[in-house]
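J.:
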Amino acid sequence: MVAPVTDQSADEHGDQPDPVFNELACVAIPDVSGLSAYKAALAYADDGMYLLPVDPDDPKNPGSRVGKNWPAKSTRDPDTIEGYWDCDEPPLIAIHTGRSGLAAFDLDIDVLPDELAWMRSGRFQSTRIGDSERGHYVFASTKVFVSGKLTLTDGTHVGEIRSGNSVILTAPSRHAKADVGGRYLWQTTGPVLELPDVARRYLRPLTTGAVGSESAIQTGTQEQVAAFIKSTANADSRPNALTALVASIARQPSGTRDCVRDALRMAAGESRLGFYPYARAVAEIETAARESYAKRRESYDEHIGSAGYVALVANGVAQAMARDIDAIRREATRDYGDKRAQRAELAAGVQFRTELDGLAATALPGDTASQLGSDLAQFWASSAELRDLRQFAQSRRVGPAAMLGNSLARVVAAIPPNVVLPPTIGSVAGLNLFVALVGRSGESKSASMGASADWLTVSPSYSPAKPGSGEGLAKCFASMQKMPGSNGNPPGFVQRGKAWSVLAQLPEVDTLIATGGRGGSTIMSELRSAWSGERLGLDYASEDKRITLCANRYRLCLVLGVQPLRSAPLFDDADSGTPQRFVWLPAGDHDAPISRPDEPARLVLPRWPELRSNGVTDPDVVLSSQLGIAADVSEYRVLAIPVAARELIDSNQFAVLRGDPSVDPLDGLNRPGPDGDSHYWISTRGWSVRFVA
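Right, here's the structure in full:
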């Protein structure tokens, strides 16, 4: 007999899994021996697997990094993978079994029973050092089964079944029991073979469940799709709503499959509302997907194919039918009912505009196209540096505003931390700068970072960092070194500075949201404090982790890539002031010329005067050694700011103190605008030509 298997449609942390429809996939296990976590993750994704980052401190929780609704957040997107794993302290790699078209058997004993000898035909990942047969036996399956106990016919429990919304951790991740022989190592690699018929005696198909659960989506049939298409055939209340959705796919430079999946889900919802026929959406989205692949000389059939597209169409229908109709309507009409949720739409509307001397910052809809074009032309022509920056960006096919944001961050990162703004409110203010580059996946956000580095030379120029937590942020600057006891003193730890300046680059907002959303993470609050130049460090941390960065002893600049549809959690932190600390800039260029202009000369900025060596001491080493020492006010070099800037800051703060309800106290979180010239002060001219987003 086969023991009954417990249905685990919700994960062990109580999160209801997001609906996932498994498409037929040709999955292979790559050889990842010797690869970094980042390179290994890319290899897994390239061979058809969907991945999740998992916190090493919480390895049994698939959502430990990405948060609730984790099944919808597994990914094969290279940019997202880079954001998760291309860092000094990468998370564990988990394979999402169901979405990858896999079923895995996790054997928990050292010898495979003869009854289960058929499992040896699967791809095998050993989880113990030595000759143990304990580990994961993986097969390909288009069907989804109930995850639970793997039990022999006599009732003996020998392992676990992983299917549907479940995961297996994989190499080169560190095993939680590494100290006692645990490790992940693929003993067999290559194409994953189909689940044998004999295996089905130990499995129970997942065929029942509540509406909206995994099962309800995975039992979607082509008959249901046909019925849905028929029911929406006469929909015509907003036919033009489909145009932008289709256009976004045709322009997609990467990640087309995920974009197609999301577009079909959205289209099915809007068709259910009566906007347009779903059959029309299916046809136009497929055409756009083919165009997207053709433009970059890739094969639609290899990436999606007819069978894969049919599965995505069915997935869109199933999700639309499982969702609450009022929720779909609110989403389609952008009516979320509360201010906080509406912030999710703000990022999608970021446009580059300027404030020129004598021109008020009026609402964008009231500006005419000609006025905006004139303003931008004046802005880019206002200095030789800005003219060259724009020309270089267009020669490299990246957004000028995005390249400007990267360049500003790199320049500010080279300014010593004792350079501050005057105490117009409270005390002096640091120059730390956060920039958000808004654009769809693949819209040259990362490319603009590289273009800026090619055009602009600054000194010092540290390698970009990718902090994964509040503690990780501090570790970018310093480390704790254990010192032996001497002269009767006990052993202890001392702080060693590594760098006084850090330029953090996160190409995808998912990385920041995931680390900020996991339990116990301090990244959001630490970033807010760092932007203000405040003291960083956790006094309650153990001695070997108690890194202290004193106020205005460090420089931090952050460049963050933001996809509009992924930005809601960031705006949800608006009450704490997180998004207000960013300069928001678009990644695109609506004025991009058809022909690339010639590349202008590179810009080389001199080293800040106080950072030039005197031949005796290295100023970078000195500044790094002072990170944990409180700064004296006599060390500050206070920048002069124009009277106009001081008056604007003062009037805003005055209104806040008086309780003016029309003024948001967090609106004062800004920095005087950058001057394009190589000045060591903020000039009136630089203030009069500044940008906003």
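Residue numbers (our numbering): 65 to 757. Where a beta carbon is used, it is the ideal one built from N, C-alpha and C, also for glycine.
Take L537 and list the residues in its own chain whose beta-carbon comes closer than 6 Å to its own, dropping the five residues that flank it on each side.
T.: Within the sequence shown, numbered from 1, the residue matching residue 537 stands at position 473. So the qualifying residues of the chain are P531 and E590.
J.: Just mark S138 as buried or exposed, buried being the case when its beta carbon has 16 or more other beta carbons within 10 Å.
T.: If you number the sequence shown from 1, residue 138 lands on position 74. Label assigned to S138: buried.
J.: Measuring CB atoms only, is the segment 182-197 touching the segment 148-158, in the sense that at least three cross pairs come out at less than 8 Å?
T.: Judged by Cβ distances under 8 Å, the segment 182-197 makes no contact with the segment 148-158, as fewer than three pairs qualify.
J.: From the DSSP output, in three-state form, read off G254 for me.
T.: Numbered from 1 along the sequence shown, position 190 holds the residue referred to as residue 254. Of the three classes helix, strand and coil, the one that applies to G254 here is strand, per DSSP.
J.: Mapping the DSSP letters down to three states, classify S523 as helix, strand or coil.
T.: Reading the sequence shown from its first residue, position 459 is the one you call residue 523. In this structure, S523 counts as coil in the three-state DSSP scheme.
J.: Please report the straight-line C-alpha distance between S527 and V175, rounded to a whole angstrom.
T.: What you label residue 527 is simply residue 463 of the sequence shown in a count that begins at 1. What you label residue 175 is simply residue 111 of the sequence shown in a count that begins at 1. Near 48 Å, if we compare the C-alpha coordinates of V175 and S527.
J.: Would you mind giving the Cβ-Cβ distance between G556 and M547, rounded to the nearest angstrom? I have them listed as a contact below 8 Å.
T.: Translated into positions along the sequence shown, residue 556 becomes position 492. Translated into positions along the sequence shown, residue 547 becomes position 483. The Cβ separation is near 6 Å, so the contact holds.
J.: CA-CA distance, G463 and S510?
T.: Here residue 463 refers to the residue found at position 399 of the sequence shown. Here residue 510 refers to the residue found at position 446 of the sequence shown. For G463 and S510, the distance between alpha carbons rounds to 11 Å.
J.: Would you tell me roughly how many angstroms separate the C-alpha atoms of L166 and V346, rounded to the nearest one?
T.: Taking the first residue of the sequence shown as position 1, residue 166 is located at position 102. Taking the first residue of the sequence shown as position 1, residue 346 is located at position 282. Going from the Cα of L166 to the Cα of V346 covers about 27 Å.
J.: When the Cα of D122 is compared with those of K213, A240, L485 and Y102, which residue comes out closest?
T.: If you number the sequence shown from 1, residue 122 lands on position 58. Residue A240 is the option with its Cα nearest to D122.
J.: On the CB-based measure, 16 or more other CB atoms within 10 Å of its CB, does S295 come out buried or exposed?
T.: In the sequence shown, residue 295 corresponds to position 231, counting from 1. With fewer than 16 Cβ atoms within 10 Å of its Cβ, S295 is classed as exposed.
J.: CB-CB under 8 Å to R474, same chain, minus the five flanking residues each way: which ones, in chain order?
T.: As a working note, residue 474 is residue 410 in the sequence shown. Taken in chain order, the residues that qualify are S516, A517, L520, V522, S525, L567 and C621.
J.: Alpha carbons only, please: which of M467, E607 and P673 is nearest the one belonging to A478?
T.: The sequence position of residue 478 within the sequence shown is 414, counting from 1. Answer by Cα proximity: P673.
J.: Classify D639 as buried or exposed, calling it buried when 16 or more other Cβ atoms lie within 10 Å of its own Cβ.
T.: Counting from one through the sequence shown, the residue named residue 639 turns up at place 575. D639 comes out exposed.
J.: Cutting at 6 Å between CB atoms, please list the residues of its own chain near D608, excluding the five before and the five after it.
T.: The residue you call residue 608 lines up with position 544 of the sequence shown. If we look at D608 and ignore the five residues flanking it on each side, its Cβ neighbours are M544 and F557.
J.: By the 10 Å Cβ neighbour count, where 16 or more other Cβ atoms means buried, how is G223 classified, buried or exposed?
T.: Counting from 1 along the sequence shown, the entry for residue 223 is found at position 159. The residue is buried, with at least 16 neighbouring Cβ atoms inside 10 Å.
J.: Assess contact between the segment 628-645 and the segment 708-722, defined as three or more Cβ pairs (one per stretch) separated by less than 8 Å. Is contact present?
T.: Counting Cβ pairs under 8 Å, fewer than three are found: no touch.
J.: For the alpha helix (DSSP H) that I232 lies in, which residues bound it at each end?
T.: Counted from its first residue, the sequence shown places residue 232 at position 168. Run containing I232: none in the alpha helix (DSSP H); it sits in the beta strand (DSSP E), V231 to T234.
J.: Using the Cβ count rule (16 or more neighbours within 10 Å means buried), how would you classify A651?
T.: Position 587 of the sequence shown, counted from the start, is the residue given in the question as residue 651. Under this definition A651 is a buried residue.
J.: Quick check on the DSSP output: the alpha helix (DSSP H) that includes V346 runs from which residue to which?
T.: Position 282 of the sequence shown, counted from the first residue, corresponds to residue 346. That run of the alpha helix (DSSP H) goes Y342 to K359.
J.: From which residue to which residue does the alpha helix (DSSP H) around M385 run?
T.: Taking the first residue of the sequence shown as position 1, residue 385 is located at position 321. Note, M385: alpha helix (DSSP H), G369 to A386.
J.: Kindly indicate the opening and closing residues of the beta strand (DSSP E) around K546.
T.: Counting from one through the sequence shown, the residue named residue 546 turns up at place 482. A542 to M547 is the extent of the beta strand (DSSP E) around K546.
J.: Where DSSP assigns a beta bridge to K213, which residues make up the other side?
T.: On the sequence shown, position 149 is the one that residue 213 refers to. Answer is E224.
J.: Going by DSSP, name the residue or residues bridged to R192.
T.: By 1-based counting over the sequence shown, the position of residue 192 is 128. Paired residue(s): G246.
J.: Taking the straight line between their C-alpha atoms, what separation do you get for I293 and K359?
T.: Position 229 of the sequence shown, counted from the start, is the residue given in the question as residue 293. Position 295 of the sequence shown, counted from the start, is the residue given in the question as residue 359. Roughly 30 Å separates the two Cα atoms.
J.: V626 to W648, Cα distance in whole Å?
T.: The sequence position of residue 626 within the sequence shown is 562, counting from 1. The sequence position of residue 648 within the sequence shown is 584, counting from 1. Answer to the nearest angstrom: the Cα atoms are 9 Å apart.
J.: Might you give, ordered along the chain, the residues of its own chain that have their beta carbon closer than 7 Å to the beta carbon of G186, omitting 5 neighbours on each side?
T.: Taking the sequence shown and counting its residues from 1, the one referred to as residue 186 is at position 122. Here the set comprises Y201, V202, F203 and L257.
J.: Beta-carbon within less than 6 Å of P683's beta-carbon, same chain only, minus the 5 sequence neighbours each way: which residues are those?
T.: Position 619 of the sequence shown, counted from the first residue, corresponds to residue 683. Only L675 meet the Cβ criterion.
J.: Which residue from M385, P142, I611 and L501 puts its Cα closest to that of C540?
T.: Mapped onto the sequence shown, residue 540 falls at position 476. It is I611 whose Cα lies nearest to the Cα of C540.
J.: Between L216 and F169, is the Cβ-Cβ spacing less than 7 Å?
T.: Locating residue 216 in the sequence shown gives position 152, counting from the first residue. Locating residue 169 in the sequence shown gives position 105, counting from the first residue. No; because the gap between Cβ atoms is not below 7 Å, this pair is not in contact.
J.: Just verifying my parser: in three-state terms, what is the DSSP assignment at T144?
T.: On the sequence shown, position 80 is the one that residue 144 refers to. Residue state, collapsed to three classes: helix.
J.: Near V707, which residues of its chain fall below 7 Å by C-beta distance, leaving aside the five closest residues on each side in sequence?
T.: For the purposes of this step, residue 707 is taken as the residue at position 643 of the sequence shown. Result list for V707: empty, nothing under 7 Å.
J.: Tell whether a beta-carbon distance below 7 Å holds between P142 and Q458.
T.: Position 78 of the sequence shown, counted from the start, is the residue given in the question as residue 142. Position 394 of the sequence shown, counted from the start, is the residue given in the question as residue 458. No, the Cβ-Cβ distance between P142 and Q458 is not below 7 Å.
J.: Let me confirm a value: I368 is counted as buried when at least 16 other C-beta atoms fall within 10 Å, else exposed. Which label applies?
T.: For the purposes of this step, residue 368 is identified with residue 304 of the sequence shown, where counting begins at 1. Its Cβ being crowded by 16 or more others within 10 Å, I368 is buried.
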